[in-house]
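Scroll down for the structure; my scribbles are underneath it.
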Amino acid sequence: MNAVVIDSSSGVTLARDHIRDFYDSYYSTLDDVELESWPQFFTAECLYRITARENFERGFALGAIQAESRGMLIDRVTGLMRTQMYAPRYYRRFPGPLRIVEESGGGARVRHNLLIVETLVDEAPTIALCGTCHDLVVIDENILRFKERVVVYDSEMISNSLIYPA
Amino acid sequence: MNAVVIDSSSGVTLARDHIRDFYDSYYSTLDDVELESWPQFFTAECLYRITARENFERGFALGAIQAESRGMLIDRVTGLMRTQMYAPRYYRRFPGPLRIVEESGGGARVRHNLLIVETLVDEAPTIALCGTCHDLVVIDENILRFKERVVVYDSEMISNSLIYPA
Amino acid sequence: MNAVVIDSSSGVTLARDHIRDFYDSYYSTLDDVELESWPQFFTAECLYRITARENFERGFALGAIQAESRGMLIDRVTGLMRTQMYAPRYYRRFPGPLRIVEESGGGARVRHNLLIVETLVDEAPTIALCGTCHDLVVIDENILRFKERVVVYDSEMISNSLIYPA
Numbered sequence: 001m002n003a004v005v006i007d008s009s010s011g012v013t014l015a016r017d018h019i020r021d022f023y024d025s026y027y028s029t030l031d032d033v034e035l036e037s038w039p040q041f042f043t044a045e046c047l048y049r050i051t052a053r054e055n056f057e058r059g060f061a062l063g064a065i066q067a068e069s070r071g072m073l074i075d076r077v078t079g080l081m082r083t084q085m086y087a088p089r090y091y092r093r094f095p096g097p098l099r100i101v102e103e104s105g106g107g108a109r110v111r112h113n114l115l116i117v118e119t120l121v122d123e124a125p126t127i128a129l130c131g132t133c134h135d136l137v138v139i140d141e142n143i144l145r146f147k148e149r150v151v152v153y154d155s156e157m158i159s160n161s162l163i164y165p166a
Numbered sequence: 001m002n003a004v005v006i007d008s009s010s011g012v013t014l015a016r017d018h019i020r021d022f023y024d025s026y027y028s029t030l031d032d033v034e035l036e037s038w039p040q041f042f043t044a045e046c047l048y049r050i051t052a053r054e055n056f057e058r059g060f061a062l063g064a065i066q067a068e069s070r071g072m073l074i075d076r077v078t079g080l081m082r083t084q085m086y087a088p089r090y091y092r093r094f095p096g097p098l099r100i101v102e103e104s105g106g107g108a109r110v111r112h113n114l115l116i117v118e119t120l121v122d123e124a125p126t127i128a129l130c131g132t133c134h135d136l137v138v139i140d141e142n143i144l145r146f147k148e149r150v151v152v153y154d155s156e157m158i159s160n161s162l163i164y165p166a
Numbered sequence: 001m002n003a004v005v006i007d008s009s010s011g012v013t014l015a016r017d018h019i020r021d022f023y024d025s026y027y028s029t030l031d032d033v034e035l036e037s038w039p040q041f042f043t044a045e046c047l048y049r050i051t052a053r054e055n056f057e058r059g060f061a062l063g064a065i066q067a068e069s070r071g072m073l074i075d076r077v078t079g080l081m082r083t084q085m086y087a088p089r090y091y092r093r094f095p096g097p098l099r100i101v102e103e104s105g106g107g108a109r110v111r112h113n114l115l116i117v118e119t120l121v122d123e124a125p126t127i128a129l130c131g132t133c134h135d136l137v138v139i140d141e142n143i144l145r146f147k148e149r150v151v152v153y154d155s156e157m158i159s160n161s162l163i164y165p166a
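Protein chains in written order, with the numbering used here: chain A, 1 to 166; chain B, 1 to 166; chain C, 1 to 166.
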């Protein structure tokens with residue numbers, strides 16, 4: 001994890017470049033399957049949710065995957081590392097342009113599209129997930145972290161094998 | 001529509017950031033299917049064309065879809081909203097890096113690649129369009145608008161269902 | 001080829017914008033199949049390699065495609081232009097965000113994801129390559145060039161027809 005360190009004494013709002021660096025670090029950590037670093041991108045209390053577009057638009061809180069603390073994310077990763085480390089498949093994330101839709105003291109709501117491409121070792125790559133992210137990025141212990149990350153995918157079903165974090 | 005407002009008194013050429021914001025707003029308006037806002041991204045007289053690469057390279061003016069005024073775009077949207085509002089499919093746009101290939105007083109020619117991913121509710125996402133955009137972005141009534149937007153797709157056929165704007 | 005000219009007298013490290021412009025020029029040259037310009041993006045002595053992830057992670061030097069000088073790249077292009085000019089297929093490149101992972105005097109190590117979409121004239125577009133690029137970009141004769149370009153794709157096989165440069 002390459003933490004994006006913020007000099008909080010300056011009191012400025014988050015710069016575009018810092019947010020861009022934060023996402024670059026986040027997605028490359030996931031692409032490289034550095035699962036043990038993943039929970040550190042979230043605040044101790046947080047919302048992490050992956051849900052279908054239909055549920056999201058109807059305001060349903062239920063999601064395919066949900067966690068409400070860094071501890072729950074650590075549990076999830078521990079399970080994954082035990083069972084899936086040698087799975088012969090790769091995921092690579094292609095985020096669209098980042099849009100800062102709202103900024104307030106120390107936090108920014110960021111939206112962007114996300115394409116996750118899945119490659120099984122002997123097959124051609126396919127699209128595992130196409131959707132949009134509704135995130136809240138904050139300064140926490142002098143680095144940037146997600147306070148909220150909600151990934152809304154367009155289909156009702158996602159790839160059964162998409163068990164790695166998005 | 002989040003119009004990108006330009007202070008025309010400054011007389012400067014268009015900044016990269018303004019153009020980026022303009023496209024972010026354009027593509028998210030389409031992704032969110034806010035069709036009634038779409039024509040406002042174009043000048044009253046404009047060129048909107050979606051055409052196959054083969055036609056484009058041979059200089060054929062004929063395109064699969066063409067409009068020459070905002071009024072024609074409004075007509076198109078009105079028809080779409082009447083017939084297609086509940087279609088159970090989604091399109092999401094992934095633009096490549098924006099390249100400003102020419103700048104003159106108040107206008108910029110912008111090229112970039114475009115990938116449109118289509119998701120039917122019960123199926124895995126697929127690529128509906130892969131191509132490149134040849135646009136002319138101008139300042140019009142103090143905001144940015146397309147004076148020209150020509151989307152050139154690589155195949156001879158595009159998804160039959162790609163009836164929404166690109 | 002739109003060379004990115006650097007004023008080397010300034011002695012500054014490479015700016016993000018210069019590197020972005022360099023990649024924009026590189027990928028659009030390839031998308032437009034301007035093969036004769038392609039070798040000029042590399043230093044006279046260079047490393048160009050396209051290899052499978054498994055080989056890369058095990059440290060195998062062998063790659064599916066490899067060249068160690070601009071001369072070898074010119075040879076490759078000459079062969080391609082003789083045999084493949086009228087092939088009815090197109091490739092379009094979608095790079096992910098550029099990450100500068102290391103900078104030193106006059107050079108930058110740049111990593112980014114890469115998606116190459118292939119379109120055969122009568123078929124829907126598919127993903128020909130999904131992978132990541134490990135590049136070394138340097139100032140050479142006052143312009144930016146690749147000293148190293150290593151493209152690591154996720155599957156063991158790439159599209160048989162991916163004979164054009166990446």
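Cβ atoms here follow ideal geometry from the backbone N, Cα and C, with glycine treated the same way.
The model shown is predicted, which means the values in this text are computed figures rather than measured ones.
Integer-rounded CB distance, given that residue j should sit under 8 Å from residue i
| i | j | result |
| --- | --- | --- |
| histidine 112/A | arginine 99/A | 6 Å |
| proline 199/B | leucine 80/B | With chain B running from 1 to 166 in the structure shown, residue 199/B is simply not present. |
| leucine 47/A | proline 165/A | The pair is not a contact, with the Cβ atoms about 14 Å apart (cut-off 8 Å). |
| valine 4/C | serine 25/C | 7 Å |
| alanine 124/A | isoleucine 127/C | 7 Å |
| valine 121/A | glutamate 156/C | 5 Å |
| valine 152/B | phenylalanine 56/B | 4 Å |
| phenylalanine 94/A | phenylalanine 94/C | 7 Å |
Residue i - containing beta strand (DSSP E), residue span
| i | result |
| --- | --- |
| phenylalanine 94/C | 89–95 |
| arginine 109/B | 107–120 |
| glutamine 66/C | 65–69 |
| serine 104/B | 99–104 |
Of the listed residues the options, nearest to residue i (C-alpha basis)
| i | options | result |
| --- | --- | --- |
| alanine 44/B | Glu156/B, Val151/B, Ile139/B and Ser155/B | Ile139/B |
| alanine 15/A | Val110/A, Glu156/A, Glu36/A and Ala128/A | Val110/A |
| valine 150/C | Asp31/C, Asp32/C, Arg20/C and Glu68/C | Glu68/C |
| histidine 134/A | Ser37/A, Ala52/A, Val33/A and Thr78/A | Ala52/A |
| isoleucine 50/B | Leu129/B, Asp21/B, Ile143/B and Arg145/B | Leu129/B |
| tyrosine 90/A | Phe60/A, Ile6/A and Ile116/A | Ile116/A |
| leucine 114/B | Gly96/B, Glu123/B and Ala108/B | Gly96/B |
| isoleucine 19/A | Ser155/A, Leu136/A, Asp122/A and Ile163/A | Leu136/A |
| leucine 35/A | Val77/A, Asp21/A and Ala124/A | Val77/A |
| glycine 71/B | Phe22/B, Gly106/B, Asp154/B and Phe41/B | Phe41/B |
| tyrosine 27/C | Gly105/B, Thr132/B, Arg58/B and Pro88/B | Thr132/B |
| leucine 144/B | Leu120/B, Glu156/B, Arg82/B and Gly107/B | Gly107/B |
| threonine 119/B | Lys147/B, Asn142/B, Val101/B and Pro88/B | Pro88/B |
| aspartate 154/B | Ile6/B, Glu54/B and Asp17/B | Glu54/B |
| asparagine 2/C | Glu148/B, Glu102/B, Ile6/B and Phe146/B | Glu102/B |
| isoleucine 163/A | Asp17/A, Ile6/A, Arg82/A and Asn142/A | Arg82/A |
Identified DSSP bridge partners for residue i
| i | result |
| --- | --- |
| leucine 136/B | Arg109/B and Glu148/B |
| isoleucine 143/C | Val5/C and Asp140/C |
| glutamate 173/B | With chain B covering 1 to 166 only, the question about residue 173/B has no answer from this structure. |
| tyrosine 153/C | Ala52/C and Gly131/C |
| threonine 126/A | Glu118/A |
Extent of the continuous alpha helix (DSSP H) run through residue i
| i | result |
| --- | --- |
| isoleucine 19/C | 16–31 |
| phenylalanine 56/B | 53–57 |
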